Each structure stands twice: as structure tokens, then as C-alpha cells.
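Q: Heads up: the protein sequence lines correspond to chains L and V, in order.
So the first sequence is numbered by numbering that gives the first Met the number 0: it starts at 0 and just counts up by one.
So the second sequence is numbered by numbering that gives the first Met the number 0: it starts at 0 and just counts up by one.
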Amino acid sequence: MTFDKKQYALNKELAQMLKGGVIMDVTTPEQAKIAEEAGACAVMALERIPADIRAAGGVSRMSDPAMINGIQEAVSIPVMAKCRIGHFVEAQILEAIEIDYIDESEVLSPADDVYHIDKTRFKVPFVCGAKNLGEALRRINEGAAMIRTKGEPGTGDIIQAVSHMRMTNSAIAKITSMREDELFNEAKELQVPYELVQYVHDNGKLPVVNFAAGGIATPADAALMMQLGADGVFVGSGIFKSKNPAKRAEAIVKAVTNYTDAKMIAELSKNLGEAMVGINKDEITLLMAERGI
Amino acid sequence: MTTIGILAVQGAFIEHEHMLNKLGAETIQLRQKSDLYKNFDRLVLPGGESTVQGKLLKELNMFDILKEKIENGMPVLATCAGLILLAENISNDTRTYFKTLPVTVKRNAYGRQLGSFHYDGIIKGIGKFPMEFIRAPYIEEVRNDVEILAEVNKKITAVKYKNQIGVSFHPELCDNDKLHRMFLNL
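#1: For residue 235(L), decide whether its Cβ has a neighbour in chain V, counting only Cβ atoms nearer than 8 Å.
#2: Taking only heavy atoms of the ligand ATP into account, decide whether any of them is closer than 7 Å to the Cβ of residue 216(L).
#3: Considering just the uninterrupted stretch of the beta strand (DSSP E) at residue 92(L), what are its terminal residues?
#4: Using a beta-carbon distance cut-off of less than 8 Å, what residues from the region 43 to 57 of chain V approach chain L?
#5: Among the residues of its own chain, which have a CB less than 6 Å from the CB of residue 7(L), if the five just before and after it don't count?
#6: Across which residues does DSSP place residue 150(V) in a beta bridge pair?
#7: Checking contacts by CB at 8 Å: is residue 22(L) closer than that to chain V?
#8: By the 10 Å Cβ neighbour count, where 16 or more other Cβ atoms means buried, how is residue 61(V) classified, buried or exposed?
#9: Is residue 112(V) closer than 8 Å to residue 13(L) when the C-beta atoms are compared?
#10: Given that a residue counts as buried once 16 or more other Cβ atoms are within 10 Å of its Cβ, and exposed if not, what is residue 147(L)?
#11: The region 163 to 176 of chain V: which residues have C-beta closer than 8 Å to a C-beta of chain L, in chain order?
#12: Please report the distance separating the alpha-carbon of residue 131(V) from that of residue 54(L).
#13: Quick check on the DSSP output: the alpha helix (DSSP H) that includes residue 162(L) runs from which residue to which?
#14: Can you pull out the residues from the region 10 to 33 of chain V whose beta carbon lies closer than 8 Å to at least one beta carbon of chain L?
#15: Look at the alpha carbon of residue 99(V) and the alpha carbon of residue 70(V), and state the distance between them as a whole number of angstroms.
#16: Residue 76(V) CB to nearest chain L CB: under 8 Å?
#17: Determine the extent of the alpha helix (DSSP H) in which residue 183(L) is found, giving its start and end residues.
#18: Quick check: residue 84(L) and residue 78(L), are their CB atoms within less than 8 Å of each other?
#19: Give me, in chain order, the residues of the same chain whose beta-carbon lies closer than 6 Å to that of residue 88(V); leave out the 5 immediate sequence neighbours on both sides.
#20: Where residue 126(V) and residue 232(L) are concerned, what is the direct C-alpha to C-alpha distance, given to the nearest angstrom?
#21: Check the Cβ-Cβ distances between residue 123(L) and every residue of chain V, and say whether any is below 8 Å.
#22: Taking Cβ-Cβ distances below 8 Å as the criterion, which residues of the region 92 to 123 of chain V are in contact with chain L?
#23: Under the rule that 16 or more other beta-carbon atoms within 10 Å means buried, what is residue 142(V), buried or exposed?
#24: Contact defined as beta carbons within less than 8 Å: I believe residue 108(L) pairs with residue 59(L). What is the distance between those atoms, to the nearest angstrom?
#25: Between the region 28 to 51 of chain L and chain V, which residues of the former have CB atoms less than 9 Å from a CB of the latter, in chain order?
#26: Taking the C-alpha atoms as reference points, what is the distance between residue 74(L) and residue 99(L)?
#27: Take residue 121(L) as the anchor and find which of 16(L), 106(L), 2(L) and 245(L) has the nearest alpha-carbon.
#28: CA-CA distance, residue 74(V) and residue 42(V)?
#29: Tell me, please, whether the region 36 to 51 of chain L touches the region 145 to 161 of chain V by the rule of three or more beta-carbon pairs shorter than 8 Å.
#30: Quick one: residues in its chain with C-beta nearer than 7 Å to the C-beta of residue 165(L), no 5 flanking neighbours on either side, listed in chain order?
#31: Taking only three categories from DSSP, how would you classify residue 117(V)?
#32: Excluding the five sequence neighbours on either side, which residues of its own chain have a C-beta within less than 7 Å of the C-beta of residue 53(V), listed in chain order?
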């Protein structure tokens with residue numbers, strides 16, 4: 000299949016529809032229903048949530064298509080699923096079962112340590128993680144229709160999502176203020192085509208939607224990422240590893256809508272029960288963000 | 000001078016804002032109940048996820064006030080998820096919302112994202128119009144004096160009824176501002 004510009008536009012536009020929303024990791028149809036009722040704008044179907052993937056170790060792969068089908072049947076909102084970095088056959092399978100969005104994700108074990116999937120060859124949209132502007136634009140050049148931060152999954156620690164969002168946005172601000180004759184060198188530094196750098200220069204933003212992901216555990220975390228410029232948030236282990244998933248999920252959804260209203264977020268943060276315990280990023284030995292750069 | 004309130008609880012509201020600002024209209028974002036007491040005389044219900052928007056409208060106590068404004072004749076432009084919020088009936092979902100537009104809508108009527116498509120159609124009173132359908136609904140049935148503005152492959156995709164314009168595609172995502180102009184003249 001060759002690159003279909005119209006389809007790519009439609010795929011970027013689906014991500015635009017998700018803006019201001021919360022995408023939640025779910026492992027069963029029951030969890031998917033809880034997420035939809037709590038106000039998720041999409042769900043990410045996966046066999047184990049990142050905290051458990053991290054705990055279990057070993058090789059982590061695409062989920063069983065039957066399990067994904069079960070979740071597709073349970074909800075009316077878009078359903079996403081993860082494939083391994085570079086594993087284009089897992090992506091083909093997800094396309095065959097008509098997934099709404101594929102996350103080529105560092106949370107799973109990478110299948111290829113050099114090449115990402117050529118996403119221009121697919122009709123379904125892809126979201127990819129990015130620590131900085133260079134990674135974001137390289138993924139977009141490969142056909143990603145949506146970007147997210149690569150905050151350390153399964154930790155409940157927000158520090159890396161914050162750092163990725165800040166790095167990306169300050170790099171965008173820098174390019175915006177560059178002279179046009181400096182853009183050629185910037186493209187070389189970032190290892191991306193000139194046209195993408197020129198787009199960032201002219202528009203002051205990425206050509207696709209950018210969500211926050213990794214380590215978001217509280218309404219305050221979600222609002223922090225929104226105030227830092229995220230278009231929306233992914234919440235992974237933060238919901239179903241907490242004491243009261245439905246209540247926490249609802250609170251995070253509302254915090255994303257009214258992310259500058261501290262009074263409302265204070266109310267939303269009351270009596271949510273225990274958050275996921277989490278692990279400090281310095282206590283972990285496996286940095287998933289270093290996968291696929 | 001008209002001011003347009005754009006529902007901004009979730010979805011693609013900024014795209015409407017940019018288009019309306021380009022047309023010289025003032026806009027405000029409606030994110031919570033207190034925003035509804037600000038001055039605005041028109042309403043946009045944008046695309047996004049209708050389940051999320053509908054839930055937030057109710058839980059943020061915005062629903063009754065907005066429903067009353069629509070029933071009292073405030074001009075509304077509703078796109079995609081917004082159309083679902085206005086519809087009296089939804090054939091494949093038990094959830095309904097404002098129910099001010101006497102039509103039956105089918106959610107995700109073209110299937111999942113692989114069913115999303117672009118179509119160069121025609122809108123009555125406007126002419127040629129580029130239409131982006133993204134996990135879009137269509138209108139299965141219209142009642143009362145609902146005027147059909149557009150059909151695509153024999154499915155109704157745009158209607159007008161009194162103060163309400165409802166479309167199943169995304170005029171805010173294209174370069175053509177004529178539907179927004181029609182809304183401003185409503």
C-alpha cells in the first residue's frame with residue numbers, strides 16, 4: 000500500500016477529536032466499561048497494565064486479538080492497542096481487527112533495535128512516544144498521526160512526562176524564533192526532513208496532537224500536564240492500580256477539562272482513596288523511554 | 000456584536016474557535032457552570048466523544064441551563080458528537096442528551112476508524128463542500144419540519160431545524176467557512 004494523504008489527514012483528525020480527553024489503559028471488557036462510564040475518550044486495550052509488565056519482566060508482546068475484540072464489543076468509544084516497536088506484523092494484525100489506533104509502544108519489548116514501523120504503509124493511525132522534538136518529528140516522518148510523551152510507564156512517577164513535555168515545547172519555541180536560514184541546520188541536527196522543521200517554525204506547534212503519557216496518577220498530575228501544554232492525557236496503571244478506579248478516573252477526566260481551576264481540582268482530589276503506590280524513577284533499572292529513539 | 004459560546008469540555012473546540020475568530024466573531028469557551036453566566040448569544044457543540052461530553056455536561060451542572068437556552072431559540076451549530084447531543088433519538092445507544100432536534104441519529108454509523116472518509120459533497124444553500132467523516136454518525140430519520148441540507152450516498156448528513164444546524168461531518172477542519180457563515184446568519 001502506498002501513502003494515502005487523505006487517510007493520514009483523517010487519522011490526524013481522529014486524534015484532534017480526542018483532545019481534552021483521557022485515554023485509559025484497560026485489560027478486560029469490564030474495566031473498559033468502567034473507563035467509558037467514567038468519561039474516557041478512548042481506551043487502550045492491553046493484557047497487563049505497565050506496572051504489572053514491569054513487575055513480571057520477561058518479554059512483553061501485543062495482546063491476544065480475542066481479548067481486544069472483547070473490549071471493542073464492550074464500548075462505543077475508540078479502542079487502541081499496542082504493538083512492539085518495529086513489529087510491523089503485530090501492527091498488520093491490529094489493523095486486520097480494525098483497531099482505531101495503534102500505539103507503537105516502548106512499554107512492550109522492542110522487536111527491532113534500529114527500525115520503527117513504516118507507518119505510512121498502514122491505513123489505521125499510529126500514536127508513538129517521544130522524549131523530545133527530534134523523536135517526535137522522526138515518528139511523524141514515519142507516519143505517526145499522534146504523539147505522546149514517553150514518561151516512565153508503570154511507575155506513577157510524573158517526572159519524566161514533565162521533562163519530555165518541557166523539552167519538546169522549549170525546542171518548538173526555539174525553532175519558532177529562528178531565522179529561516181537556520182532551519183536547514185536544525186533539520187540536520189534533529190535528523191528530520193526540512194519541511195517538518197519549517198512547519199514547526201511557521202506554526203509554533205507539532206503537525207499532530209501531543210498527549211501526555213507515563214506516570215500520571217492523580218487529578219493534579221493530569222492538570223499539570225495540561226498546563227504544560229499537553230492536548231490530553233493517557234492514564235495507564237494510575238487508575239486500575241488505585242483503590243477506587245471509577246472515582247479516580249472520573250476525577251482525572253474532570254481535572255483535564257478544568258485544568259486551570261485549582262478550586263475544582265482541590266474538590267476532585269478529596270477522598271479518592273489510595274493512589275497507586277508507584278516506584279521512584281531512580282529505583283527502577285529498566286528505563287523504557289530509552290527504547291526506540 | 001455576537002459572542003459565541005463554544006462547549007469546551009472535551010474535543011475539537013479550538014478548531015471552531017479559530018474559524019469563528021477569523022470571521023470576526025468573539026468566542027468564549029464553556030468549561031463549567033460559571034461560564035454559562037457569561038454573555039453569549041450563540042452556541043457551538045463541537046466534535047469529540049459524545050459519551051464524554053454528555054457526562055461532563057450533566058456532572059458539571061451545565062446541562063439544564065444549555066438545554067433551556069437551546070429551547071428558547073439560541074442559535075446552535077452542532078458537529079458530529081454535537082449532533083448526537085442534540086438528537087431526540089439515537090438508534091444504537093440508550094443514552095440521549097438535549098433531545099431538541101427531532102431526528103434519529105446512528106452513532107459510529109460508518110464503523111471504526113478504517114471506515115472514516117473524505118467526501119466532496121453539496122450543502123443546500125452553500126454548494127460544494129469538503130466533508131470529513133471521522134467515526135461519524137448519520138441521520139436515519141427526520142421528523143416535523145426538519146430541513147435536509149446534505150445527503151451523502153443517500154444518508155442524511157446535515158440538517159436545519161429552527162435555530163439548530165446539525166451536521167455529521169467536520170466543517171471546522173476544512174478551509175471552507177461557509178457553514179460557519181450560515182450559522183452566524185441564523
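We put the beta carbon where it would ideally sit given N, CA and C, even for glycine.
Note that this is a predicted model, so its numbers are computed, not measured.
A: In brief:
#1: Position 236 of the first sequence, counted from the first residue, corresponds to residue 235(L). No, no contact with chain V.
#2: Looking for the ligand ATP in the displayed structure turns up nothing, as the structure carries no ligands at all.
#3: In the first sequence, counting from the first residue as 1, residue 92(L) sits at position 93. Segment 87 to 95 is the alpha helix (DSSP H) holding residue 92(L); no beta strand (DSSP E) there.
#4: If the cut-off is 8 Å between Cβ atoms, the region 43 to 57 of chain V has 46, 47, 48, 50, 51, 54 and 55 near chain L.
#5: Here residue 7(L) corresponds to residue number 8 of the first sequence, with the count starting at 1. For residue 7(L), where only same-chain residues beyond five positions count, there are no Cβ hits under 6 Å.
#6: Locating residue 150(V) in the second sequence gives position 151, where the first residue counts as 1. Looking at the DSSP assignment, residue 150(V) forms a beta bridge with 155(V).
#7: In the first sequence, the residue the question calls residue 22(L) occupies position 23. Under the Cβ distance rule, residue 22(L) does not count among the residues neighbouring chain V, no pair being separated by less than 8 Å.
#8: Counting from 1 along the second sequence, the entry for residue 61(V) is found at position 62. Residue environment for residue 61(V): buried (at least 16 other C-beta atoms within 10 angstroms of its C-beta).
#9: The count along the first sequence starts at 1 and reaches residue 13(L) at position 14. The count along the second sequence starts at 1 and reaches residue 112(V) at position 113. Yes, these two residues count as a Cβ contact at 8 Å.
#10: As a first step, residue 147(L) is located in the first sequence; it is residue number 148 there, counting from the start. Label assigned to residue 147(L): buried.
#11: Residues are counted here when their Cβ sits less than 8 Å from a Cβ of chain L; for the region 163 to 176 of chain V these are 169 and 172, given in chain order.
#12: Along the second sequence, read from residue 1 onward, the residue named residue 131(V) stands at position 132. Along the first sequence, read from residue 1 onward, the residue named residue 54(L) stands at position 55. Each residue's Cα considered, the two are about 43 Å apart.
#13: Within the first sequence, residue 162(L) is the residue found at index 163, counting from 1. That run of the alpha helix (DSSP H) goes 158 to 175.
#14: When C-beta distances to chain L are compared with 8 Å, the residues of the region 10 to 33 of chain V below that value are 10, 11, 12, 13, 14, 30 and 31, in chain order.
#15: Mapped onto the second sequence, residue 99(V) falls at position 100. Mapped onto the second sequence, residue 70(V) falls at position 71. In this structure, the CA atom of residue 99(V) is about 7 Å from the CA atom of residue 70(V).
#16: If you number the second sequence from 1, residue 76(V) lands on position 77. It does not: the Cβ of residue 76(V) has no partner Cβ on chain L nearer than 8 Å.
#17: Here residue 183(L) corresponds to residue number 184 of the first sequence, with the count starting at 1. Element bounds for residue 183(L): 182 to 189.
#18: Here residue 84(L) refers to the residue found at position 85 when the first sequence is read from its first residue. Here residue 78(L) refers to the residue found at position 79 when the first sequence is read from its first residue. No, they are not a contact pair.
#19: Here residue 88(V) corresponds to residue number 89 of the second sequence, with the count starting at 1. For residue 88(V), same chain residues with a beta-carbon under 6 Å away, outside a window of 5 residues either side, are 103 in chain order.
#20: If you number the second sequence from 1, residue 126(V) lands on position 127. If you number the first sequence from 1, residue 232(L) lands on position 233. Taking the straight line joining both Cα atoms gives about 39 Å.
#21: Taking the first sequence and counting its residues from 1, one reaches residue 123(L) at position 124. Judged by the 8 Å Cβ criterion, residue 123(L) is in contact with chain V.
#22: Flagged, chain order: 92, 106, 107, 110, 111, 112, 113, 115, 116 and 117.
#23: In the second sequence, counting from the first residue as 1, residue 142(V) sits at position 143. Exposed: under 16 other Cβ atoms inside 10 Å.
#24: Position 109 of the first sequence, counted from the start, is the residue given in the question as residue 108(L). Position 60 of the first sequence, counted from the start, is the residue given in the question as residue 59(L). That belief holds up - the Cβ atoms of residue 108(L) and residue 59(L) are roughly 5 Å apart, short of 8 Å.
#25: Residues of the region 28 to 51 of chain L with a C-beta less than 9 Å from any C-beta of chain V: 35, 36, 37, 38, 39, 40 and 41, listed in chain order.
#26: Locating residue 74(L) in the first sequence gives position 75, where the first residue counts as 1. Locating residue 99(L) in the first sequence gives position 100, where the first residue counts as 1. Note on geometry: alpha-carbon atoms of residue 74(L) and residue 99(L) lie some 12 Å from one another.
#27: Within the first sequence, residue 121(L) is the residue found at index 122, counting from 1. Looking at the Cα atoms, 2(L) is the closest of the given residues.
#28: For the purposes of this step, residue 74(V) is taken as the residue at position 75 of the second sequence. For the purposes of this step, residue 42(V) is taken as the residue at position 43 of the second sequence. Cα-Cα distance, rounded: 6 Å.
#29: Judged by pairs of C-beta atoms under 8 Å, the region 36 to 51 of chain L does not touch the region 145 to 161 of chain V, as fewer than three such pairs exist.
#30: Start at 1 with the first residue of the first sequence, and residue 165(L) comes out as number 166. Excluding sequence neighbours, residue 165(L) sits near 227.
#31: Walking along the second sequence from the start, residue 117(V) turns up at place 118. Taken through DSSP and simplified to helix, strand or coil, residue 117(V) comes out as strand.
#32: If you number the second sequence from 1, residue 53(V) lands on position 54. Cβ within range, chain order: 84, 94 and 96.
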